[in-house]
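What follows is one structure encoded as structure tokens, with my remarks underneath.
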Amino acid sequence: MIVETGHYALWLAGAIALLQALLPTFCADRRMACAIAVSAAKTQCALLTFSIAALGYGFLANDFAVRYIASHSNSLLPWYYRLTAVWGG
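One rule links them: number in the working numbering = place in the sequence shown (from 1) + 101.
Structural data, given as structure tokens:
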């Protein structure tokens, strides 16, 4: 369940990135656009951090229901190899 929540966080971070890309086009007040962009960037950073942490948890918990984890890990690997497999794929 945590890995799926991380997946949704990744999609939400992508939507916020799209908002950040389109915001200067539609916002007439530059100060308001900058304030929204800063808070959007902080939110996006938090969501991406949560997403990668959820994937790392999936590797550590041997959640083989996720195809990425099933193809880059196995249950006999030590924990540090499973954790570094997040970046190995």
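Backbone N, C-alpha and C define an ideal beta-carbon position, used for all residues, glycine too.
Quick one: residues in its chain with C-beta nearer than 8 Å to the C-beta of A134, no 5 flanking neighbours on either side, listed in chain order?
Excluding sequence positions up to five before and after A134, its CB lies within less than 8 Å of the CB of L124, P125 and C128, all in the same chain and listed in chain order.
Helix, strand or coil at C128 [DSSP, three-state]:
Assignment of C128 by DSSP, reduced to helix, strand and coil, places it in the coil class.
Run of the alpha helix (DSSP H) containing G189, from where it starts to where it stops:
In the DSSP assignment, G189 falls within the alpha helix (DSSP H) that extends over W180 to G189.
Tell me whether V167 sits in a helix, a strand or coil according to DSSP, three-state version.
If DSSP states are grouped into helix, strand and coil, V167 belongs with coil.
Pick from K143, A142, F160 and C146 that is closest to Y181, judged by C-alpha positions:
Distances from the CA of Y181 to each of K143, A142, F160 and C146 were compared; the closest alpha carbon is that of F160.
Measuring only the C-alpha atoms, how far is Q121 from G189?
The alpha-carbon atoms of Q121 and G189 are separated by roughly 29 Å.
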